[in-house]
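Trainee:
There are 6 protein chains.
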Amino acid sequence: MPLSEMIEYEQAGPEVRAVYDDIMATRGTDWINNFWKVLANHPPTLRRTWESVKEVMAPGELDPLTKELLYVAVSVTNGCSYCISSHTASARARGMTEGMLGELVAIVGMANETNRLAEAYQVEVDERFRGPPAG
Amino acid sequence: MPLSEMIEYEQAGPEVRAVYDDIMATRGTDWINNFWKVLANHPPTLRRTWESVKEVMAPGELDPLTKELLYVAVSVTNGCSYCISSHTASARARGMTEGMLGELVAIVGMANETNRLAEAYQVEVDERFRGPPAG
Amino acid sequence: MPLSEMIEYEQAGPEVRAVYDDIMATRGTDWINNFWKVLANHPPTLRRTWESVKEVMAPGELDPLTKELLYVAVSVTNGCSYCISSHTASARARGMTEGMLGELVAIVGMANETNRLAEAYQVEVDERFRGPPAG
Amino acid sequence: MPLSEMIEYEQAGPEVRAVYDDIMATRGTDWINNFWKVLANHPPTLRRTWESVKEVMAPGELDPLTKELLYVAVSVTNGCSYCISSHTASARARGMTEGMLGELVAIVGMANETNRLAEAYQVEVDERFRGPPAG
Amino acid sequence: MPLSEMIEYEQAGPEVRAVYDDIMATRGTDWINNFWKVLANHPPTLRRTWESVKEVMAPGELDPLTKELLYVAVSVTNGCSYCISSHTASARARGMTEGMLGELVAIVGMANETNRLAEAYQVEVDERFRGPPAG
Amino acid sequence: MPLSEMIEYEQAGPEVRAVYDDIMATRGTDWINNFWKVLANHPPTLRRTWESVKEVMAPGELDPLTKELLYVAVSVTNGCSYCISSHTASARARGMTEGMLGELVAIVGMANETNRLAEAYQVEVDERFRGPPAG
Numbered sequence: 393m394p395l396s397e398m399i400e401y402e403q404a405g406p407e408v409r410a411v412y413d414d415i416m417a418t419r420g421t422d423w424i425n426n427f428w429k430v431l432a433n434h435p436p437t438l439r440r441t442w443e444s445v446k447e448v449m450a451p452g453e454l455d456p457l458t459k460e461l462l463y464v465a466v467s468v469t470n471g472c473s474y475c476i477s478s479h480t481a482s483a484r485a486r487g488m489t490e491g492m493l494g495e496l497v498a499i500v501g502m503a504n505e506t507n508r509l510a511e512a513y514q515v516e517v518d519e520r521f522r523g524p525p526a527g
Numbered sequence: 393m394p395l396s397e398m399i400e401y402e403q404a405g406p407e408v409r410a411v412y413d414d415i416m417a418t419r420g421t422d423w424i425n426n427f428w429k430v431l432a433n434h435p436p437t438l439r440r441t442w443e444s445v446k447e448v449m450a451p452g453e454l455d456p457l458t459k460e461l462l463y464v465a466v467s468v469t470n471g472c473s474y475c476i477s478s479h480t481a482s483a484r485a486r487g488m489t490e491g492m493l494g495e496l497v498a499i500v501g502m503a504n505e506t507n508r509l510a511e512a513y514q515v516e517v518d519e520r521f522r523g524p525p526a527g
Numbered sequence: 393m394p395l396s397e398m399i400e401y402e403q404a405g406p407e408v409r410a411v412y413d414d415i416m417a418t419r420g421t422d423w424i425n426n427f428w429k430v431l432a433n434h435p436p437t438l439r440r441t442w443e444s445v446k447e448v449m450a451p452g453e454l455d456p457l458t459k460e461l462l463y464v465a466v467s468v469t470n471g472c473s474y475c476i477s478s479h480t481a482s483a484r485a486r487g488m489t490e491g492m493l494g495e496l497v498a499i500v501g502m503a504n505e506t507n508r509l510a511e512a513y514q515v516e517v518d519e520r521f522r523g524p525p526a527g
Numbered sequence: 393m394p395l396s397e398m399i400e401y402e403q404a405g406p407e408v409r410a411v412y413d414d415i416m417a418t419r420g421t422d423w424i425n426n427f428w429k430v431l432a433n434h435p436p437t438l439r440r441t442w443e444s445v446k447e448v449m450a451p452g453e454l455d456p457l458t459k460e461l462l463y464v465a466v467s468v469t470n471g472c473s474y475c476i477s478s479h480t481a482s483a484r485a486r487g488m489t490e491g492m493l494g495e496l497v498a499i500v501g502m503a504n505e506t507n508r509l510a511e512a513y514q515v516e517v518d519e520r521f522r523g524p525p526a527g
Numbered sequence: 393m394p395l396s397e398m399i400e401y402e403q404a405g406p407e408v409r410a411v412y413d414d415i416m417a418t419r420g421t422d423w424i425n426n427f428w429k430v431l432a433n434h435p436p437t438l439r440r441t442w443e444s445v446k447e448v449m450a451p452g453e454l455d456p457l458t459k460e461l462l463y464v465a466v467s468v469t470n471g472c473s474y475c476i477s478s479h480t481a482s483a484r485a486r487g488m489t490e491g492m493l494g495e496l497v498a499i500v501g502m503a504n505e506t507n508r509l510a511e512a513y514q515v516e517v518d519e520r521f522r523g524p525p526a527g
Numbered sequence: 393m394p395l396s397e398m399i400e401y402e403q404a405g406p407e408v409r410a411v412y413d414d415i416m417a418t419r420g421t422d423w424i425n426n427f428w429k430v431l432a433n434h435p436p437t438l439r440r441t442w443e444s445v446k447e448v449m450a451p452g453e454l455d456p457l458t459k460e461l462l463y464v465a466v467s468v469t470n471g472c473s474y475c476i477s478s479h480t481a482s483a484r485a486r487g488m489t490e491g492m493l494g495e496l497v498a499i500v501g502m503a504n505e506t507n508r509l510a511e512a513y514q515v516e517v518d519e520r521f522r523g524p525p526a527g
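Residue numbers (this note's numbering), protein chains in the order written: chain A, 393 to 527; chain B, 393 to 527; chain C, 393 to 527; chain D, 393 to 527; chain E, 393 to 527; chain F, 393 to 527.
1) Find the nearest neighbour of residue 493 of chain F within the set B:405, B:430 and B:404, judged by alpha-carbon distance.
2) Is it buried or exposed, residue 403 of chain E, if we count other Cβ atoms within 10 angstroms and call 16 or more buried?
3) Closer than 8 Å, Cβ to any Cβ of chain C: which residues of the stretch 463-479 of chain A, in chain order?
4) Count Cβ pairs between the stretch 464-474 of chain D and the stretch 494-507 of chain C that sit closer than 8 Å; are there 3 or more?
5) Is it true that the CB of residue 477 of chain F sits closer than 7 Å to the CB of residue 521 of chain E?
6) Could you tell me whether the Cβ of residue 459 of chain E comes closer than 7 Å to any Cβ of chain F?
7) Is residue 482 of chain A close to chain B? Criterion is C-beta to C-beta, closer than 7 Å.
8) Quick check: the stretch 410-418 of chain B against the stretch 412-431 of chain D, are there 3 or more CB pairs under 8 Å?
9) Please confirm if residue 403 of chain D has its CB atom under 7 Å from at least one CB of chain C.
10) Taking 7 Å as the threshold (C-beta atoms), are residue 397 of chain D and residue 524 of chain A in contact?
11) For chain C, check one thing: does any of its Cβ atoms lie closer than 7 Å to the Cβ of residue 452 of chain E?
12) Which chain B residues sit within Cβ distance under 8 Å of residue 447 of chain E?
13) Is the Cβ of residue 502 of chain F closer than 7 Å to any Cβ of chain C?
14) Quick check on residue 400 of chain E: buried or exposed, where buried means 16 or more other Cβ atoms within 10 Å of its Cβ?
15) Classify residue 459 of chain F: buried if its beta carbon has 16 or more other beta carbons within 10 angstroms, exposed otherwise.
16) Please report how far the alpha carbon of residue 474 of chain A lies from the alpha carbon of residue 513 of chain F, in whole angstroms.
17) Which residues bound the alpha helix (DSSP H) around residue 420 of chain A?
18) Assign residue 498 of chain E to buried or exposed, taking buried as 16 or more other Cβ atoms, counted over all protein chains shown, within 10 Å of its Cβ.
19) Once DSSP output is grouped into helix, strand and coil, what is the label at residue 510 of chain D?
20) Assuming residue 435 of chain F and residue 447 of chain C are in contact, meaning their beta carbons sit under 8 Å apart, how far apart are those beta carbons, in whole angstroms?
21) Near residue 456 of chain D, what residues of its chain come up, given a Cβ to Cβ distance below 6 Å and the 5 sequence neighbours on each side ignored?
22) Any beta-carbon of chain D closer than 7 Å to the one on residue 494 of chain B?
23) If we cut at 7 Å on Cβ distances, does residue 485 of chain E have a partner in chain C?
24) Which term fits residue 511 of chain D, buried or exposed, when burial requires 16 or more other beta carbons within 10 angstroms of its beta carbon?
25) To the nearest angstrom, report how far apart residue 394 of chain C and residue 445 of chain F are at their CA atoms.
26) Please classify residue 495 of chain D as buried or exposed, where buried requires at least 16 neighbouring CB atoms within 10 angstroms.
27) So residue 465 of chain A is in the alpha helix (DSSP H); what residue range does that whole segment cover?
28) With residue 401 of chain A as the anchor, note down where its alpha helix (DSSP H) starts and where it stops.
29) Assuming the contact rule is C-beta atoms closer than 8 Å, residue 466 of chain A and residue 426 of chain B should be a hit. Round their C-beta distance to whole Å, please.
30) Enumerate in chain order the residues of its own chain whose CB-to-CB distance from residue 528 of chain D is below 6 Å, with the five nearest sequence positions on each side excluded.
31) Using a Cβ cut-off of 7 Å (strictly closer), state whether residue 508 of chain D contacts chain A.
32) So, with DSSP's three-state summary, where would you put residue 502 of chain D?
33) Show which residues of chain C have a CB atom less than 7 Å away from the CB atom of residue 407 of chain F.
34) Return the chain-ordered list of same chain residues with a C-beta closer than 7 Å to the C-beta of residue 479 of chain D, the five sequence neighbours on each side being excluded.
35) Assuming residue 491 of chain D and residue 453 of chain C form a contact by the criterion Cβ under 8 Å, report the distance between their Cβ atoms to the nearest whole angstrom.
36) Starting from residue 453 of chain B and walking both ways along the alpha helix (DSSP H), at which residues does that stretch end?
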């Protein structure tokens, strides 16, 4: 059960409705998922978070599918069930196959393993890996 | 300073040398980075970890660059400096531009933020996001 | 379902009852929440944890509400649902408004984001921020 | 050594300079700390992050010192050295005493401990702690 | 509800069945727990993970009970409910008493606390603790 | 550089000296490691932390070496360099061989990997693993 109520469109004030409208227009859908309905308890956080997510996930040098895969990888590492579920759904909608999901999960698992091996032995960064690339 | 000595090729026994040889052959390089030299203190871990990483990072349904980007995303989330440095170097070698790095870091930051927003409010997973995709 | 049984007051031995009595007396309530009932499976951990929490959360240079807000911030970062629920309840009982909760959650989200931005780029600590303050 | 170059004011383009100017004006200082100089490698992330931090950390129902304390609590939990150093400096500038720092650190330690005790025993949330407060 | 279907023995192809057979033979049981049934969606991950776990958890210089205790300690730190439940069951089967579980949980809690105290104050490693032991 | 000064025995007040004396007497040594010298900035935290660590790490149903191994496992998972260094030194002093360290690190790595695999697929806990053991 969520910590705060979910704000439905009908109950929402104009600031929240404007964000909901933009979410639906941007995504071409007619529904709002629970994450935004709970954030709506604090309208400035709803607005700022949506604007940031919209900007960060827009197509850029990385394509939208790759961006969703990265979102899933972080969410798995943090063990956030809601975020795993919602971003896996988005990734599937953008073309992620079950085979790609399998490879993604395998990499996340390995990275979490080798991160701890490197921490355990306190491996020093090789000279060649240090600093920004030569300009 | 690492917790255990680094094992150089010259000091290494045959089991470790075989792994070092395979690392250099697979990568087409003539050097071994510090991570493997420290793992060589426990040869079964060196061998198993290398074989796993080699299998997981081989081209599949995800291309090698995407795989490196995912590795960096996890390593940043865990704050593993060594892994950030080494996998950023690999990603650059596979074509990651500075613009792509900027977008990757932005996504990792946002995902870490929204993961906590979802946890804080204990958002329930929407019915549409639940379970495996319809077969 | 918890990993170990919950020990009710009636079943409890004198060492556990003494802690339960002190919890209720300190808080001015007549019930014990589930956290303590499960810790009671290991009486030394029950006693030590309660004494530590009682000492740490007592009024000091920081007021009790600020202390609860800090507890919530850590619990959200770690994704501990039980702790988020119980310490949010305590914070509300000490005067946390829904607006304060919204600001708290926003800060926790931003800090989790910028922590990863700083880790990703391995930013060096500015000279001015280093070490203890000048005496 | 940072992963990307630090962009000094003199080298910066107009988009980055505008953010630097706003940081200095908002803070009433004449210098920029390293975090922003590295983020400047990706101007959209610099701008968005600064605007978000500025909004989130502005005085609200929580006062600026409490906000900095929360930032430090999260940064300690995540082990981000840069963020601990910079936000501890900010908190001291807003009036955090060494005694307050001691209490803050003690709470962060205890919360990290009890979060794991609750996870270990998989304690169920008490009925009284569930859901939003009665309206 | 899991993110992908669980693959039962009857539905499984020969590669998956071979792993299931080895799991049951190695453990001397006639059932497969849910973890492996979900991993079976990506047979290479199923095979590689099982072979790695089998190798790592086999008796060595550390006995099987100690190995299970370590697994539980990590799983509690990461807050992974499934892993806590399954490895606690394995540890009990190998002789872990409730008293040992209580001590284990107490240590995990304390380590999570002191880890943050050390990070908060950015304690420098004592000269005596640095590097590999003198040969 | 630590965030607060280190308090040497000579500078310390009687409350801190009493703890330092007890640390040296309990351990049979004549020196204090940096962790305690920094905690001494907040004497109640120094005292409470030392008393808790002393109680938790004392011989019980788990032997002192096993307890140190568990401490190292948590510290590696959290990436706390100071704690890895100090508790590895303690474990070596209690008989941990380099082979045992290798096995420990391998388990910590695997557990961090499989924790994420279980989270990724949101595996449901098997009926047989649920709840406390039958009494």
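Yeah, the Cβ is synthetic: ideal placement off N, Cα and C, and Gly gets one too.
Mentor: In short:
1) With respect to the C-alpha of residue 493 of chain F, the residue from B:405, B:430 and B:404 having the closest C-alpha is B:430.
2) Residue burial annotation: residue 403 of chain E is exposed, with fewer than 16 other C-beta atoms found within 10 angstroms of its C-beta.
3) So the close ones are 470, 471 and 472.
4) Verdict: yes, contact present.
5) Yes, these two residues count as a Cβ contact at 7 Å.
6) Closer than 7 Å: yes.
7) No - not a single Cβ of chain B is within 7 Å of the one on residue 482 of chain A.
8) The answer is no - the stretch 412-431 of chain D does not touch the stretch 410-418 of chain B, with fewer than three Cβ pairs under 8 Å.
9) Not an interface residue.
10) Yes, the Cβ-Cβ distance between residue 524 of chain A and residue 397 of chain D is below 7 Å.
11) The Cβ of residue 452 of chain E sits no closer than 7 Å to any Cβ of chain C.
12) Those are 436 and 440, listed as they occur along chain B.
13) Chain C, which has no Cβ nearer than 7 Å to the Cβ of residue 502 of chain F, makes this no.
14) Exposure of residue 400 of chain E is indicated by the presence of fewer than 16 other C-beta atoms within 10 angstroms of its C-beta.
15) Buried, because 16 or more other Cβ atoms sit within 10 Å of the Cβ of residue 459 of chain F.
16) Between residue 474 of chain A and residue 513 of chain F, the C-alpha separation is close to 12 Å.
17) No alpha helix (DSSP H) holds residue 420 of chain A; DSSP gives it neither H nor E.
18) Answer is buried; the Cβ neighbour count reaches 16.
19) DSSP, reduced to helix, strand and coil, places residue 510 of chain D within a helical segment of the structure shown.
20) Actually they are not in contact, since the Cβ atoms of residue 435 of chain F and residue 447 of chain C sit about 12 Å apart, beyond 8 Å.
21) Only residues of its own chain outside the window of five on either side were considered, and among them 486 have a CB closer than 6 Å to the CB of residue 456 of chain D, listed in chain order.
22) Closer than 7 Å to some Cβ of chain D, the Cβ of residue 494 of chain B qualifies, so yes.
23) No, no contact with chain C.
24) Buried, because 16 or more other Cβ atoms sit within 10 Å of the Cβ of residue 511 of chain D.
25) Whole-angstrom Cα-Cα distance: 26 Å.
26) Residue 495 of chain D is buried by the Cβ-count criterion.
27) Per DSSP, residue 465 of chain A belongs to the alpha helix (DSSP H) from 456-470.
28) Careful: residue 401 of chain A lies outside any alpha helix (DSSP H) and carries neither H nor E.
29) Actually they do not touch by this definition, with Cβ atoms about 26 Å apart.
30) Residue numbering for chain D in the displayed model covers 393 to 527; residue 528 of chain D lies beyond these limits and cannot be assessed.
31) The Cβ of residue 508 of chain D sits no closer than 7 Å to any Cβ of chain A.
32) Under the three-state reduction of DSSP, residue 502 of chain D is assigned to helix.
33) Contact annotation for residue 407 of chain F against chain C: no contact, minimum CB-CB distance about 14 Å [criterion: below 7 Å].
34) Cβ neighbours of residue 479 of chain D beyond the five flanking positions: 460, 463, 464 and 467.
35) Between residue 453 of chain C and residue 491 of chain D the Cβ distance is about 4 Å, and since that is below 8 Å, they are a contact.
36) Note, residue 453 of chain B: premise wrong, no alpha helix (DSSP H); not H, not E.
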